[in-house]
Amino acid sequence: MTPIPRLRSESRTCKLIPKNNSPMKIAHAKARIVARFGQTCRLVTSSNEIIDCHIKKNIPAPVTGDWVEWEQSRRLVTAVLPRQSLLERMDKTGRCKPLAANMDQIMIVSAYKSPAIDTLLIDRYLLFSENQGIQAILVFNKHDLNSSSKPMSGIMNVYENLGYPCIQCSTVSGLNLDRLKGMITHHTTILVGQSGVGKSSILNAIAPEVQAPTSVLSAGIQQGQHTTTVATLYPVGNGGNVIDSPGVRQFTPCIQDWKAVEKGFIEIYQQAQYCRFNNCRHLQEQGCAVIESVRNNEISPARLDSYHHFLKKLS
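Just so we're aligned, residue 13 is where the sequence shown starts under our numbering, counting upward by one.
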């Protein structure tokens, strides 16, 4: 059998068509996390649709408030976009657990009565806000239950003198609800505070379209029940968003450096520049301008005690 002659390379006239091995382009869209439930989440799309999605494995865990990319065809969150701010708490093992992201304002809610006000908890959230560079607003709810304004006035004066807005309000009488409504316009605001202080009630009063679940205090111990079980983002009027977070009895911010603790107390941070030593921690050091300011009633002793409390947590 006569062999078939090979074609010389220069005599080839045909062109090989390369195979198209490039992957199919998948359509991604941008959306925002409304709430997360384990490996699934609820998000709001650019067209204001509410969609339930799965979360792709091996990506940073998204939290409420995150901006994400998602595949519409598979309803799958594929990427978490860079965050502008992040609220984290430290768990019992010392690890940081993210709770919510991309807020530019925090409303720290306390109550005039039941549960009792916790100034250390307020300072914990202020420590977070100062290090994140977001606006903090202190809200004192249940003003209708106020029998004597003297104790609360003293507490409010401390924070007002530091420049923090302090708003007394009541969802029963309507006191200052319009003011709060104006403050959330064009902001992403997170509501934080103890269980039972009325965060969800405030949200419902200033944004009736939301209707977040509420509850009463637990009988006997006068502590709130955890009505809000996951942080949930609610779009409200005039371009605002409010994140209603679960009530807490304890909150430890993820601060692991004493300089960050100092930064979280603005009056201490400002006076620290006048201390004799650059590494002064405002304990019992000679030439400490902070301790001198406390003696001169320029800094609240309670605030210095809070600062010392956080320093001990680092040791």
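Ideal placement from N, C-alpha and C gives every residue a C-beta, glycine not left out.
**Q.** Beta-ladder partner(s) of Leu192, from DSSP
**A.** Stepping through the sequence shown from its first residue, residue 192 is reached at position 180. None; Leu192 has no bridge partner.
Q: Would you check if the distance between the CB atom of Ala148 and the CB atom of Leu132 is smaller than 7 Å?
A: Against the sequence shown, residue 148 aligns to sequence position 136. Against the sequence shown, residue 132 aligns to sequence position 120. Going by C-beta atoms, Ala148 is not nearer than 7 Å to Leu132.
**Q.** Residue of Asn291, Gln285 and Phe322 minimising C-alpha distance to Ser305
**A.** Start at 1 with the first residue of the sequence shown, and residue 305 comes out as number 293. Taking the Cα of Ser305 as reference, the smallest distance to any Cα among Asn291, Gln285 and Phe322 is reached at Gln285.
Q.
Assuming Asn216 is part of the alpha helix (DSSP H), what are its boundary residues?
A. Counting from one through the sequence shown, the residue named residue 216 turns up at place 204. Lys211 to Ile218 is the extent of the alpha helix (DSSP H) around Asn216.
Q. Given that a residue counts as buried once 16 or more other Cβ atoms are within 10 Å of its Cβ, and exposed if not, what is His198?
A. Residue mapping note: residue 198 aligns to position 186 of the sequence shown, counting from 1. Exposed is the call here.
Q | Check whether Ile62 and Cys53 have beta carbons under 7 Å apart | A | Indexing the sequence shown from 1 puts residue 62 at position 50. Indexing the sequence shown from 1 puts residue 53 at position 41. Cβ atoms of Ile62 and Cys53: not closer than 7 Å.
Q) Out of curiosity, what's the CA-to-CA distance linking Pro163 and Ser122? A) Within the sequence shown, the letter at position 151 stands for residue 163. Within the sequence shown, the letter at position 110 stands for residue 122. Near 13 Å, if we compare the C-alpha coordinates of Ser122 and Pro163.
Q) What first and last residue would you give for the alpha helix (DSSP H) that runs through Ile303? A) Counting from one through the sequence shown, the residue named residue 303 turns up at place 291. From DSSP, the alpha helix (DSSP H) with Ile303 extends over Ala301 to Arg307.
Q: Work out the CA separation of Ser207 and Ile67 for me, nearest whole Å.
A: Within the sequence shown, residue 67 is the residue found at index 55, counting from 1. Within the sequence shown, residue 207 is the residue found at index 195, counting from 1. Taken atom to atom, the span from the alpha-carbon of Ile67 to that of Ser207 is near 29 Å.
**Q.** Contact belief for Thr76 with Thr244 at Cβ below 8 Å, rounded distance in angstroms
**A.** The residue labelled residue 76 in the question sits at position 64 within the sequence shown. The residue labelled residue 244 in the question sits at position 232 within the sequence shown. Correct: roughly 6 Å between the Cβ atoms.
Q | Segment limits, alpha helix (DSSP H) that includes Tyr176 | A | The residue labelled residue 176 in the question sits at position 164 within the sequence shown. Neither: Tyr176 is in no alpha helix (DSSP H) and is coded neither H nor E.
Q.
For Ser58, count the other beta carbons within 10 Å of its own beta carbon; 16 or more makes it buried, fewer makes it exposed. Which is it?
A. Taking the sequence shown and counting its residues from 1, the one referred to as residue 58 is at position 46. Classification of Ser58: exposed, given that the 10 Å Cβ count is below 16.
Q | Cβ-Cβ separation, Pro74 to Val92 (assumed contact under 8 Å), whole Å | A | Position 80 of the sequence shown, counting from 1, holds the residue named residue 92. Position 62 of the sequence shown, counting from 1, holds the residue named residue 74. Cβ atoms of Val92 and Pro74 come within 8 Å of each other, at about 5 Å.
Q) Where Arg86 and Ala47 are concerned, what is the direct C-alpha to C-alpha distance, given to the nearest angstrom? A) Residue 86 sits at position 74 when you count from the first residue of the sequence shown. Residue 47 sits at position 35 when you count from the first residue of the sequence shown. Looking at the backbone, the Cα of Arg86 and that of Ala47 are separated by about 19 Å.
Q. Which stretch, first to last residue, makes up the beta strand (DSSP E) that contains Arg48?
A. Here residue 48 refers to the residue found at position 36 of the sequence shown. Where Arg48 is concerned, the enclosing beta strand (DSSP E) stretches over His40 to Phe49.
Q: Label Pro313 either buried or exposed according to how many other C-beta atoms from any shown protein chain fall within 10 Å of its C-beta, with 16 as the threshold for buried.
A: For the purposes of this step, residue 313 is taken as the residue at position 301 of the sequence shown. Burial call: exposed.
Q. Using the rule of at least 16 other Cβ atoms within 10 Å of the residue's Cβ for burial, across every protein chain shown, is Ile71 buried or exposed?
A. Indexing the sequence shown from 1 puts residue 71 at position 59. Around the beta carbon of Ile71, fewer than 16 other beta carbons lie within 10 angstroms, which makes this residue exposed.
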